[in-house]
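Going line by line, the protein sequences match chains E and L.
Last residue of the first sequence: 354 in my numbering, with the numbers rising by one and none dropped.
Last residue of the second sequence: 1429 in my numbering, with the numbers rising by one and none dropped.
Even for Gly, the Cβ is constructed at its ideal location relative to N, Cα and C.
Data block below; observations after.
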Amino acid sequence: MLSITLKSLVRRQFSTTPKALAAKTMTVRDALNSAIDEEMEKDERVYILGEEVAQYDGAYKISRGLWKKYGDKRVIDTPITEMGFAGIAVGSAMAGLRPICEFMTFNFSMQAIDHVINSAAKTFYMSAGTVNVPIVFRGPNGAAAGVAAQHSQCFAAWYAHCPGLKVISPYDAEDCRGLLKAAIRDPDPVVFLENELLYGVSYPVDEKITSKDFVLPIGKAKIMKPGKDVTIVAHSKAVETSLLAAAELAKIGIEAEIINLRSIRPLDTATIFNSIKKTHHLITVEQGWPQHGVGSEICARVMEDETFFHLDAPVWRVCGVDVPMPYTKTLEINALPQPKDVVQAVQKILGKKK
Amino acid sequence: MSFLRNSIKLLRTAPVAPRTFRCFSSQVKADDPSQFPGAHAPFVSAPTLTLPEAVAPIPIYRVMNREGTIEDASQDPKLSQEVVEKMFRSMISLNTMDKILYESQRQGRISFYMTNFGEEASHIGSAAALENKDLIYGQYREAGVLVWRGFSIEQFIDQCYGNCEDIGKGKQMPVHYGSKDLNFVTISSPLATQMPQAVGAAYAFKRQPNNDRCVVCYFGEGAASEGDAHAAFNFAATLDCPVILFCRNNGFAISTPSHEQYAGDGIAGRGPAYGIATIRVDGTDVFAVYNAMKVAREYVLKHNKPIVFEAMAYRVSHHSTSDDSTAYRKAEELEVWNTVESPISKLKNYMIKKGWWNEEAETEFVKDIRKQVLKQINVSEKKQKGYYGEMFQDVYEEMPKHLKEQLKQLEEHVSKNKQHYSLNEFKSK
């Protein structure tokens, strides 16, 4: 199964037409859509609101078919005011509903950040545990393609900074199904960061994953590929970058262990620490900016733990370049971590040259 | 932002059934009024400006004059002596408690306080017209609503002192009250965030079968300049939510007078523009507020629609203990609102005329409340603070690992170093 995943990843680099794989596959879009559908079916309190989510099926078609099935009462197309519908979502969650608040992209969530942080994340605490806010803020996060500075940025570090929120950054169809269902059922507010470029990508899924009862625990990372030489920790699309890099590294005899964080807050440090104790080397890979990023946090946690003494080399962070995203394609590509950057970073810390 | 929205639409347009225009009437002739989806209006043949002066200001509903006389007998709510007396006692209690707690902040006993002077009638009149099951989203200057609903002097003062019996467990700054039992949502400091949230809560109520609860959202005329206020008005109207958007127009946003806050006809003037039924009342007249609120409550629940309710008053208080309003307004101006236009004096005049009240009764009552408040301050001040580990509670439904570890470390540290901490000030686990 693992080799299938890797092969399919490599193949996608050359062909944009997804080929039928031997195993059953599912796109990230369908994974998200089916997760929402099943949770809406299961719990009458769950509803979705946002711009274009109803008859238009969502700007990215994540809510496809839901309006037809559940109608205006539970699939609400809102006027264009992020602070407005985020506030509506928070209020309705306080009053007992379980809203899924779709941001057309997380770039627009900045307009609503007061509701996300000052209200959703803090109300349980401020009400001394009497009013919880079960809500999922979701939408595409991170760089898309060709949409430049104001539409290409990762908000994982922004939201993960705040106590009271849970922050999820899934990678494939399995992550999206299992974690979105968990997020909708969770009693706390969850920020769910999807990736636009992965929406149309298919991943192998088995019966367990497609089952209606499938949920993944929030706060648990997944080892995508075991390895003994270096630990590579990534989230969202950077997991793909890391897997591609691992395939390259394998060719020169380096076995990388790839950890897909899945959850940014809480952060599964146990999985990272255990891996470091085995490989003694760590690289973090993310599309977000370096300063105060997810990688920085991981470095700090390792430093504060006994795990630090298991490292044989300094940790390197492979991040998005510390500039607003440029539009020109060549610049855009180079502003994001590429497999070659990961390969290079690994070679540097392992002290090996090609 | 708009550019991408549009480009996404263009790129991803899928065949969808055209939306039915719900406000389209079948009797409309081909071309008069226009058939634009965005406005239902007739054509004219000259380029006519609609000047703001051409729109008459929304009138202010008043029942009782300064002397406490009901001017139009048909508007007498005919409340019993018992109810009117409860209204009056609530207003006096609030006023008395405010004076003492304000002083207690000045003496450095609490960090912050906000008084409600001049606005007692809008709190009590509105609260009295509601059912206790109706959900309140306050801004921060609505303590009178809690007084009416039975929040005790002890509860108020315990909250301000953040002691172990504060139902908010010492987590919120003073006057940021909240009570799930009394359907009063914990106050949120950032202005106007409560507004779209109130609309969201009203939406949740509306979804319940046979709903008989509405939401009341209080906010100031200054807060109405926030984008959230626009969002709340527009969503309340488009989602048809049973919410009363209650503006306490008290003339000042800290030091900014209302004439610098907006150029239109107050907040009520905006209601019709959003497609919302609107009413404006004299907020110093407890009966006007009461009657109008009864009408508003009935309307929002019957039609599942919002109402914009503007209560005109004057903020006799300083904004908060962080403000000194003598820097921006004259004492003479204040005096009018503190005397003849005071909501308390108007209701008192009414009650005296009815033979339900007199000066001695008032002196006695104020003395009694003062005694209760002062005694309670002494008691509340001496109560222990909550268990220190409470700091880590209620961040999440289930305490995450890292907080559990920190709590454990803290407990170990405290138990090893007991001599350095005044543990008797804290409640034990």
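Are the beta-carbon atoms of residue i and residue j separated by less than 9 Å?
i: residue 1261 of chain L; j: residue 1232 of chain L; result: no
i: residue 1396 of chain L; j: residue 1427 of chain L; result: no
i: residue 1112 of chain L; j: residue 1095 of chain L; result: no
i: residue 1374 of chain L; j: residue 1306 of chain L; result: no
i: residue 133 of chain E; j: residue 100 of chain E; result: no
i: residue 202 of chain E; j: residue 330 of chain E; result: no
i: residue 315 of chain E; j: residue 282 of chain E; result: yes
i: residue 255 of chain E; j: residue 213 of chain E; result: no
i: residue 280 of chain E; j: residue 312 of chain E; result: yes
i: residue 156 of chain E; j: residue 115 of chain E; result: no
At least one CB of chain L closer than 9 Å to the CB of residue i: is that the case?
i: residue 24 of chain E; result: no
i: residue 124 of chain E; result: yes
i: residue 341 of chain E; result: no
i: residue 283 of chain E; result: no
i: residue 266 of chain E; result: yes
i: residue 119 of chain E; result: yes
i: residue 345 of chain E; result: no
i: residue 97 of chain E; result: yes
i: residue 156 of chain E; result: no
i: residue 275 of chain E; result: no
i: residue 186 of chain E; result: yes
Please go through the same chain and pick out, in chain order, the residues whose beta-carbon is closer than 8 Å to the beta-carbon of residue i, but skip the five residues on each side of it.
i: residue 1251 of chain L; result: 1221, 1257, 1258, 1313, 1314, 1315
i: residue 1295 of chain L; result: 1279
i: residue 1342 of chain L; result: 1118, 1284, 1316
i: residue 266 of chain E; result: 166, 218, 219
i: residue 102 of chain E; result: 48, 49, 50, 51, 53, 58, 62, 63, 138, 139
What I want to know is whether the C-beta of residue i ends up closer than 8 Å to one or more non-hydrogen atoms of the ligand COA.
i: residue 232 of chain E; result: This structure lacks the ligand COA, and indeed carries no ligand of any kind.
Would residue i pass as an interface residue toward chain E - the criterion being a Cβ-Cβ separation below 9 Å?
i: residue 1393 of chain L; result: yes
i: residue 1140 of chain L; result: no
i: residue 1176 of chain L; result: yes
i: residue 1397 of chain L; result: yes
i: residue 1195 of chain L; result: yes
i: residue 1158 of chain L; result: no
i: residue 1201 of chain L; result: yes
i: residue 1137 of chain L; result: yes
Which residue wins for smallest C-alpha separation from residue i, given the options the options?
i: residue 127 of chain E; options: L/1324, L/1186, L/1401, L/1320; result: L/1186
i: residue 1344 of chain L; options: L/1064, L/1255, L/1294; result: L/1064
i: residue 1060 of chain L; options: L/1193, L/1289, L/1371; result: L/1289
i: residue 81 of chain E; options: L/1304, L/1392, L/1234, L/1301; result: L/1234
i: residue 77 of chain E; options: E/57, E/69, E/313; result: E/57
i: residue 1165 of chain L; options: L/1190, L/1383, L/1293; result: L/1383
i: residue 113 of chain E; options: E/79, E/36, E/142, E/191; result: E/191
i: residue 332 of chain E; options: E/305, E/287, E/311; result: E/287
i: residue 117 of chain E; options: E/163, E/105, E/150; result: E/163
i: residue 220 of chain E; options: E/251, E/196, E/273; result: E/273
i: residue 1101 of chain L; options: L/1146, L/1182, L/1159, L/1145; result: L/1159
i: residue 1141 of chain L; options: L/1107, L/1134, L/1047, L/1178; result: L/1178
i: residue 377 of chain E; options: E/66, E/35, E/338; result: Because chain E in this structure spans residues 1 to 354, residue 377 of chain E falls outside the shown range and cannot be described.
i: residue 298 of chain E; options: E/145, E/161, E/95; result: E/161
i: residue 177 of chain E; options: E/185, E/210, E/303; result: E/210
i: residue 1230 of chain L; options: E/69, E/185, E/32, E/87; result: E/87
i: residue 180 of chain E; options: E/328, E/340, E/37, E/346; result: E/37
i: residue 1403 of chain L; options: L/1051, L/1414, L/1391, L/1413; result: L/1391
i: residue 1135 of chain L; options: E/95, E/111, E/173; result: E/95
Can you name, in chain order, every residue of its own chain whose Cβ lies under 7 Å from the Cβ of residue i, other than the five neighbours on each side?
i: residue 242 of chain E; result: 232, 234, 258, 285, 342
i: residue 1122 of chain L; result: 1248, 1283, 1289, 1311, 1313
i: residue 335 of chain E; result: 320, 321, 323, 325, 326
i: residue 1228 of chain L; result: 1192, 1193, 1195, 1196
i: residue 1254 of chain L; result: 1319, 1323
i: residue 1237 of chain L; result: 1274, 1275, 1276, 1306
i: residue 1109 of chain L; result: 1381
Using C-beta distances below 6 Å, list every residue in its chain close to residue i, excluding the 5 sequence neighbours before and after it, in chain order.
i: residue 1494 of chain L; result: Outside the displayed range of chain L (1001 to 1429) lies residue 1494 of chain L, so it cannot be described from this structure.
i: residue 1317 of chain L; result: 1115, 1117
i: residue 362 of chain E; result: Any property of residue 362 of chain E remains undetermined from this structure, which presents chain E solely from 1 to 354.
i: residue 1293 of chain L; result: 1126, 1129
i: residue 1309 of chain L; result: 1244, 1246, 1279, 1296
i: residue 349 of chain E; result: 281, 313, 316
Touching by the beta-carbon criterion (3+ pairs, under 8 Å), the segment 1185–1201 of chain L and the segment 1409–1422 of chain L: The answer is no - the segment 1409–1422 of chain L does not touch the segment 1185–1201 of chain L, with fewer than three Cβ pairs under 8 Å.
At least 3 beta-carbon pairs within less than 8 Å: the segment 176–193 of chain E vs the segment 133–147 of chain E: yes
Stretch pair the segment 1085–1092 of chain L + the segment 1345–1363 of chain L: three plus CB contacts closer than 8 Å: yes
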